[in-house]
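Under my numbering, the residues of the sequence shown are numbered 117 to 253, in order.
So the structure is just underneath, and the comments pick up after that.
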Amino acid sequence: MSTPRHDLPEPDEFTRPYWAAAAADRLLLRRCADCGRAHHYPREFCPFCWAGEDRVAWERASGRASLYTWSVVHRNDLPPFGGRVPYVAAVVDLAEGPRMMTEVVDCPHDDLRIGMPLEVTFREASEGVRVAVFRAA
């Protein structure tokens, strides 16, 4: 029996474009045609003005962000996180406006600073599945 994974998405018909873009190293957002605001995580409606799915479309994000907050995780018993500790769980402000939960990689923990510029990169979580993470710009 295989060990369950707690880091893999469960794409559905709605989120499939997001995960297909991530597999091609592109980060997508949703933007509302009524109020003009972008949001993340992907939802079928606008969480700001409640416009319906016919008014909200996928948009490629620039990949630029700034660090809002973070925590260095030293213990996590859920597979496969235990093999990654210590790692940096973070919230970033995307250039387009939304906040996103993610991970900061390839950066010494002592170099992390609120507001530091970041850029998206992608990590392979399993065959054909890539997830957005960020590194210092």
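Using N, Cα and C, we set each Cβ at its ideal position, and we do this for glycine too.
- Setting aside the 5 residues that flank it on each side, VAL249 is surrounded in the same chain by THR218, GLU219, VAL220, VAL221, VAL236, THR237, PHE238, ARG239, each with a C-beta closer than 8 Å to its C-beta; the list follows chain order.
- By alpha-carbon distance to LEU143, the top candidate from GLU212, ASP227, LEU228, GLU243 is GLU212.
- The beta carbons of VAL208 and SER182 sit about 7 Å from each other, so the pair counts as a contact at 8 Å.
- Boundaries of the alpha helix (DSSP H) harbouring TYR134: 132–139, taken from the DSSP string.
- By the Cβ neighbour-count rule, PRO233 is exposed, with fewer than 16 other Cβ atoms within 10 Å of its own.
- Runs of the beta strand (DSSP E) lying entirely within the region 175–233 and spanning at least 3 residues, in chain order: 180–189, 203–210, 215–220.
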